[in-house]
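Inspection log for the structure reproduced underneath, given as structure tokens.
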Amino acid sequence: MEARAPQSQEWKQIDNFLNETLRKDIKWSLKDEYPLAFEEKNLANIRIIEEQGNILSHAVLKPTIIKTHWHVFKVGFIGSVVTNESHRGQGLSQSVIQSCIQAAEQQDCDFAMLWTDLFDFYQKFGFEVAGSEIALQVNTNFKSSTKKDLRILDTAQVSPHDILKLYNRHNLKTLRTAIDIQKYLKIPNSEVFTGWNRLTNQLEAYCVLGKGADFHNYIHEWGGSVSALLSLVESIQEKKNESITLITPPQCENLIRQMEALGAQKQFGVLGMIKIINPTNFCKKIKKGARALGHDQFIFEFRDGTYYFGYGQDVYQTTADSDMVRLVFGPLKADQIHEFSNQTLEIFKELFPIPFWVWGWDSI
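Under this note's numbering, think of the first position of the sequence shown as 5, with each following residue one higher.
The structure is reproduced here in structure tokens:
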């Protein structure tokens with residue numbers, strides 16, 4: 005049995021299968037939680053294995069463009085990997101995953117990414133735990149010293165254009181349209197909080213808690229100035245009257261520092277599992293980013309199955325994809341791979357890990 009893309013008329017079977025295996029006894033559909041992954045134009049990126057009209061295994065790929073300050077990556081998110089309980093142990097999940105990886109290669113994704121706690125299983129496919137994020141837990145002692153007088157609304161009935169305007173101020177972001185955000189705002193079991201300037205009626209901050217069965221009491225989407233965000237987070241905590249957690253990329257140092265000063269508890273976490281799909285393009289983009297920072301002698305190349313990286317004449321080579329993933333995204337340090345010169349190590353310290361993160365709405 006081979007993995008394949010479904011036909012349009014198989015949507016109902018897919019929906020029923022996923023709801024029965026992943027969202028049993030929940031009143032909404034999985035496709036409502038991941039509206040961009042399970043829409044008609046992404047049908048060709050879904051993989052199923054079926055037998056006599058019954059779906060036995062499933063996975064979905066969602067190619068996405070992510071921009072950092074110095075890079076533009078095409079990332080293949082993989083999710084909703086599941087096999088019918090009575091057919092497990094036959095390699096069906098492996099087949100749909102491999103098919104998604106092949107589809108990511110065919111669509112020139114730089115790397116693939118997924119979220120799981122089955123680390124050993126996905127390492128067999130070349131995925132490595134990499135990247136980082138910060139969780140800031142807020143309790144009743146969180147009080148903003150410069151609370152802004154905002155009009156706080158708790159409703160998803162908000163203009164996606166207003167959200168998009170603030171969202172696009174982020175240096176780390178997925179390319180989104182107002183239509184994308186409009187779909188995200190309809191995700192069930194979510195709360196959308198917004199803070200508005202009372203004089204100008206302009207949106208100054210937004211926070212999104214929850215996403216279907218995920219992110220309970222987690223703010224996984226947010227935007228606005230730090231001062232407005234602090235006021236909004238305090239208002240949300242007061243209304244919820246329980247612990248809430250805001251997740252953020254480590255690069256948002258000002259926000260993290262100010263939230264800690266106001267009583268938030270900081271915890272470090274990993275971002276996900278990553279696999280390099282197109283090493284040649286991936287290395288070119290990393291090198292281009294380093295050169296943009298003025299490091300003209302920085303070496304980061306992939307040739308004939310081997311990675312070459314270093315500075316000037318201080319170059320090391322390896323065939324280990326895992327080292328490259330964990331070096332670029334963290335937590336691996338260059339001196340854990342090779343004994344580079346102090347000058348080279350200082351440059352690597354400046355460049356890696358690169359700023360990279362995925363907002364909650366985009367995870368699948």
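All C-beta atoms, glycine included, are put in the ideal place defined by N, C-alpha and C. Treat the numbers as computed from the prediction; the structure is a model and nothing was measured.
Kindly indicate which three-state DSSP category residue i falls into: helix, strand or coil?
i: residue 165; result: helix
i: residue 67; result: strand
i: residue 266; result: coil
i: residue 249; result: strand
i: residue 43; result: coil
i: residue 182; result: helix
i: residue 361; result: coil
i: residue 172; result: coil
i: residue 50; result: strand
i: residue 104; result: helix
i: residue 75; result: coil
i: residue 213; result: strand
i: residue 17; result: helix
i: residue 223; result: strand
i: residue 25; result: helix
Considering Cα atoms alone, identify which of the options is closest to residue i.
i: residue 318; options: 345, 340, 295; result: 345
i: residue 216; options: 17, 364, 15; result: 364
i: residue 255; options: 263, 323, 331, 137; result: 137
i: residue 301; options: 351, 123, 124; result: 351
i: residue 133; options: 65, 368, 118; result: 118
i: residue 49; options: 27, 342, 7; result: 7
i: residue 91; options: 214, 55, 64; result: 55
i: residue 361; options: 211, 122, 135; result: 135
i: residue 260; options: 276, 237, 245, 279; result: 237
i: residue 158; options: 209, 130, 120, 284; result: 209
i: residue 126; options: 184, 53, 98; result: 98
i: residue 35; options: 291, 356, 190, 263; result: 190
Based on DSSP bridge pairs, tell me the residues matched to residue i.
i: residue 274; result: 136
i: residue 303; result: 314
i: residue 55; result: 58
i: residue 80; result: 67, 116
i: residue 155; result: 200
Here's a check: name, in chain order, each residue in its chain whose Cβ is nearer than 7 Å to the Cβ of residue i, leaving out the five neighbours to either side.
i: residue 94; result: none
i: residue 336; result: 327, 330
i: residue 187; result: 39, 40
i: residue 314; result: 303, 320, 344, 348
i: residue 235; result: 148, 151, 152, 154, 199
Starting from the C-beta of residue i, find all residues in its chain whose C-beta is less than 8 Å away, skip the five residues before and the five after it, and write them out in chain order.
i: residue 109; result: 281, 282
i: residue 264; result: 140, 270
Below 6 Å CB to CB, which residues in the same chain sit around residue i once its five sequence neighbours on both sides are set aside?
i: residue 75; result: 289, 293
i: residue 144; result: none
Comparing the C-beta of residue i with each C-beta of chain B, is any distance below 9 Å?
i: residue 47; result: Going by chain labels, chain B is absent from the structure shown, which holds only one protein chain.
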